[in-house]
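Quick notes on the structure that follows.
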Amino acid sequence: MGGGFPSGGSFYHGGHGSSSPADTKLYDILGVKPDASDSEIKKAYRRLAREYHPDKNSDHGDKFKEISAAYEILSDENKRKIYDQQGMEGLRGGGGDGGPGFDIFDMFGESTFGSFFGGGRSGPPKKKRGRDTLHKLRISLVDAYKGKLSKLKLSRKVICQSCKGFGGANGVKPQTCTKCHGRGVYMMTRRVGPGMITSQQVRCDECRGEREVLAEKDKCRSCSGEKIVDETKILTVDIMPGVKQNQEFVFKGEGDQYPGVETGNVKIIVEIEKHPEFERQGRDLVYNKTLTLTEALCGFAFTIKQLDGRILLVENRPGNVIEPDSVRCVYGEGMPWVENRTQKGNLYIKFDIKFPTSYFLKNEEDYKKLEKCLPPRPKPEGMNFSAAEHVTLNECEGVNLNGGGGGGRRGEAYQEDYDDEDMDNESGHGHGGVECRQQ
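Residue 298 in my numbering sits at position 298 of the sequence shown; the count goes up by one each step and never skips.
As structure tokens, then:
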């Protein structure tokens with residue numbers, strides 16, 4: 001086959017890569033350079049497929065398999081990248097998710113690549129590993145604080161004990177599928193046009209990809225020839241105090257079982273539900289408390305029921321003013337540390353101040369008495385009241401100024417470039433904005 005570089009002796013600079021590939025033998029099979037484009041690889045495959053198709057010469061069967069296998073890899077971007085970086089070793093026995101992995105030797109047989117890849121596999125085949133099974137475990141914040149033992153009832157697949165995973169009754173073992181020759185897949189070729197042939201890997205419909213077949217009369221009655229049965233399993237999860245959101249608990253070898261496959265693990269992922277009063281932030285807890293203005297100025301006392309049931313008394317003496325949105329801390333009353341259960345985070349109390357309604361006092365004398373108890377007003381230095389224009393202060397409902405809104409327009413930035421027509425139409429009021437009532 002011409003056109004390819006010897007293994008290890010090529011340096012190519014193309015769209016596919018910028019260094020020498022680990023192996024060039026698949027490129028040699030198709031007669032292209034390692035930096036060949038996808039279209040060049042496709043053209044080479046079509047030309048060789050027409051030349052070596054078994055319909056023309058039955059002696060070309062193995063050659064056609066080699067060509068199809070090389071194209072199967074080089075036409076796939078991910079497989080080609082793995083092959084360029086790791087050679088054929090990178091493509092051996094892939095697939096760690098419990099399903100059939102991509103294995104060039106399984107797909108086309110050991111003999112197909114014997115002369116090109118050193119006689120096929122070296123050593124016994126690696127046992128594939130089943131996929132891990134994920135389950136969510138929802139717990140309350142109280143459970144996350146105190147810890148608990150949770151029992152989780154799961155359903156999983158296990159190897160049938162009646163047939164020991166062979167699928168046959170009375171010791172009958174399945175036979176190798178004659179259609180795919182025990183590979184589970186086969187290459188299907190079809191004509192797509194004059195002189196054009198395409199080849200595609202498909203799952204064997206005779207054995208359903210299982211590589212073996214069993215007569216209906218010989219199937220195990222317990223599993224109906226499926227080799228596996230359903231089993232209910234109860235796992236006990238030790239939730240330690242302070243468990244974190246999305247923390248994983250791994251039960252090794254408790255996943256679904258399949259013949260010839262290493263059993264995967266079961267992973268339990270903790271999902272902590274929201275609490276009506278506490279908010280968790282890492283190792284800390286946040287508690288929101290609304291105070292009256294009297295409490296904020298003159299002191300208060302209230303209780304908090306901690307997550308473990310203890311009653312915490314929170315006091316503040318008169319004169320220690322609590323401002324709106326201020327935060328106070330109670331050390332050591334947060335979440336327990338998973339790493340050290342003797343330590344805890346902090347409890348942060350965020351205060352909101354509820355002011356009294358307008359005109360809550362009966363007369364002006366009462367306001368004067370109240371004013372005497374409060375800090376003095378700031379002196380109006382530099383203010384010329386005689387030259388000032390009097391305006392009316394109005395209440396506005398539903399106004400959101402967080403986005404820079406102004407001029408009575410909700411959610412819009414203040415616009416200074418109104419033209420005269422806009423101002424005339426709006427008559428000086430924020431058209432489409434909120435209404436304000438005079439006091």
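In this text, a Cβ means the ideal position worked out from N, Cα and C, and glycines have one as well.
From a predicted model like this one, the values you see are computed outputs, not experimental measurements.
For this session: Assign T357 to buried or exposed, taking buried as 16 or more other Cβ atoms, counted over all protein chains shown, within 10 Å of its Cβ.
Result: exposed
- Message: Considering Cα atoms alone, identify which of D256, V243 and K173 is closest to T133.
- Response: D256
- Go to E315, then tell me how far its beta strand (DSSP E) extends in each direction, as first and last residue. Taken as a continuous stretch (DSSP letters only), the beta strand (DSSP E) holding E315 covers I311 to N316.
### Message
Please report whether the beta-carbon of I349 lies at a distance below 9 Å from any beta-carbon of chain C.
### Response
No chain C is part of this structure, which consists of one protein chain only.
Three-state secondary structure (DSSP) at N265? coil
| What's the gap between the Cα of G95 and the Cα of L235? | In this prediction, G95 scores a pLDDT of 38, lower than 50, which makes its location untrustworthy; no coordinate-derived value is stated.
Determine the DSSP secondary structure at E381, reduced to helix, strand or coil. coil
Discussion item. Please state whether the Cβ-Cβ distance between R46 and I197 is less than 9 Å.
Written reply: yes
| request: Would you kindly report the start and end of the unbroken alpha helix (DSSP H) that includes K81? | output: E77 to Q86
For a test of the three-state rule: what should DSSP assign to R208, helix, strand or coil? coil
Neighbourhood of G483 by C-beta distance below 8 Å, restricted to the same chain and skipping five residues each side
Nothing about residue 483 can be reported from this structure: the residues present for the chain run from 1 to 439 only.
Quick check on the burial criterion: 16 or more other C-beta atoms within 10 angstroms. Buried or exposed for F385?
exposed
> Is T189 closer than 9 Å to A44 when the C-beta atoms are compared?
Replying inline: no
DSSP beta-bridge partners of F300: N316
Exercise. Given K63, which residues of its chain have a CB within under 6 Å of its CB, disregarding the five upstream and five downstream residues?
Worked result: Y52
Item to complete: Pick helix, strand or coil for D352, following the three-state DSSP scheme.
Response: strand
* Asked: Relative to the C-alpha of G87, which residue among G130, K25 and A69 is closest?
  -> K25
Please confirm whether F351 and L291 have their CB atoms less than 9 Å apart. With contacts defined as CB atoms closer than 9 Å, F351 and L291 qualify as a contacting pair.
Close Cβ partners of L313 (< 6 Å) along its chain, the five nearest in sequence each way excluded:
Correct list, in chain order: T303.
Query - P318 to R328 span [Cα, whole Å] - result: 16 Å
**Item:** Nearest-angstrom Cα separation, counted from H390 out to Q415
**Value:** Note that Q415 scores 43 on pLDDT, short of 50, meaning its location in the model is unreliable; the coordinates nonetheless yield the value given after this. Straight-line Cα distance between these residues: approximately 25 Å.
> How close, in whole Å, do the beta carbons of I268 and E295 come, if the pair is a contact with beta carbons under 8 Å?
Replying inline: The pair is not a contact, with the Cβ atoms about 45 Å apart (cut-off 8 Å).
Requested in this report: Starting from the Cα of E333, find the closest Cα among C204, L285 and R211 and give me that residue.
Outcome: If we check each option's Cα against that of E333, L285 comes out closest.
When you compare only the Cα positions, how much space is there between G130 and E262? 6 Å
From this set, I311, W337 and I349, which residue's C-alpha is nearest P324's C-alpha? Nearest C-alpha to P324: I349.
Taking the DSSP output, what are the residues bridged to C329?
Answer by DSSP bridge pairing, in chain order: Y348.
CB-CB under 8 Å to E231, same chain, minus the five flanking residues each way: which ones, in chain order? S155, R156, K157 and V158
message = Please classify P34 as buried or exposed, where buried requires at least 16 other C-beta atoms within 10 Å of its C-beta.
response = buried
Checklist line | Same chain only: Cβ atoms within 8 Å of L149, ignoring 5 sequence neighbours per side | finding: T236, V237, D238 and I239
Inset, instruction - Taking V250 and A144 to be in contact with their CB atoms under 8 Å, please state how far apart those CB atoms are, rounded to whole angstroms. - result: Rounded, the Cβ-Cβ distance is 19 Å, inconsistent with contact.
*Look up N288 in the DSSP assignment and give the residues it is bridged to.*
K350
Exercise. Who are the Cβ neighbours of A388 in its own chain at under 6 Å, not counting the five residues just before and after it?
Worked result: none
message: According to DSSP, is D424 part of a helix, a strand, or is it coil?
response: Residue placement at D424 is flagged as unreliable, the pLDDT there being 48, under the threshold of 50; a coordinate-derived value is accordingly withheld.
Self-check item: Buried versus exposed, by CB contacts within 10 Å (16 or more), F166
Solution: buried
Practice task
From the DSSP output, in three-state form, read off E416 for me.
Solution key: Low per-residue confidence applies at E416: pLDDT is 43, beneath 50, and the placement is therefore not dependable, though the value from the model is reported in the following sentence. Coil, per DSSP.
Assign M383 to buried or exposed, taking buried as 16 or more other Cβ atoms, counted over all protein chains shown, within 10 Å of its Cβ.
Result: exposed.
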